[in-house]
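Just so we're aligned, residue 1 is where the sequence shown starts under the UniProt record's numbering, counting upward by one. As structure tokens, the structure follows; a few thoughts come after it.
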Amino acid sequence: MQAQPQEEARIRHERDGGLDHSRFEPKEWKEEEAPPPPAFDIRRLVPLEMPHYMTLRFGVDPQTMSVTGDGVVRYVVIAYREGGSTVNAFYEGVRCATEEYKTYARYSGNQWDEVKKPEWKRIDDRNSIYTYQLAKQSLCAGGRAPRSTVGEMIRELKQPEILRY
1 MQAQPQEEAR IRHERDGGLD HSRFEPKEWK EEEAPPPPAF DIRRLVPLEM PHYMTLRFGV
61 DPQTMSVTGD GVVRYVVIAY REGGSTVNAF YEGVRCATEE YKTYARYSGN QWDEVKKPEW
121 KRIDDRNSIY TYQLAKQSLC AGGRAPRSTV GEMIRELKQP EILRY
């Protein structure tokens, strides 16, 4: 027996936490051109909660965060050691709808090196633990859609919800 359209819609609504993901998943999705890496300032850093075993710390400069019409959240994440002077940064984008990320450029020393052919990669805690944590803690609401505003993303970094998805 096949479910009626209303029943199918109810099931999708419950499964997706009440969010309408179709807004972020057009049939023929096309990424907008990424702007050049934005300037960042380590003094504005909002730290990410990372597993306790990690000695490398990560944070995001909130002034580098943006959400474009294609649903991609772009930001600069900064890697550092407590008390250390070495700073590495990554200009990345996250697509919550497909749980993927892309690295557009890397910063080391005093300059950006753009990735020649950036590719979308699956977000998981094995290939990019900080991206996984950032998406989970701040960028993606319910796992499959970006939060509605950058302000909401920043609030979640500073005062995370008690319940995570």
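A virtual CB, placed ideally from N, CA and C, is assigned to each residue, including glycine.
Distance from the Cα of Leu-45 is smallest, within the candidate group Tyr-80, Thr-103, Ile-129, for Tyr-80.
Distances from the CA of Phe-58 to each of Ile-129, Met-65, Gln-111, Ile-78 were compared; the closest alpha carbon is that of Ile-78.
Annotation: the continuous beta strand (DSSP E) that includes Thr-103 extends over 100-108.
In this structure Val-94 touches Ala-135 by the C-beta definition: roughly 5 Å separates them, less than 8 Å. Within the region 41-77, not a single complete alpha helix (DSSP H) segment reaches 4 residues in length. Relative to Glu-32, the option among Thr-68, Lys-102, Glu-114, Pro-62 whose CA is nearest is Thr-68. Residue range 150-158 is occupied by the alpha helix (DSSP H) that includes Arg-155.
In the structure shown, the three-state DSSP call for Ala-145 is strand.
CA-to-CA, the gap between Pro-62 and Glu-28 works out to about 30 Å. A straight line joining the alpha-carbon of Thr-98 with that of Arg-144 spans about 7 Å. In its chain, beyond the 5 residues on either side, Ile-129 have a beta carbon closer than 8 Å to the beta carbon of Met-54. Classified as exposed, Leu-56 has fewer than 16 neighbouring CB atoms from the shown chains inside 10 Å of its CB. Taking the C-beta atoms as reference points, Ala-34 is found no nearer than 7 Å to Tyr-132.
One thing to note: Thr-64 has its Cβ no nearer than 7 Å to the Cβ of Phe-90.
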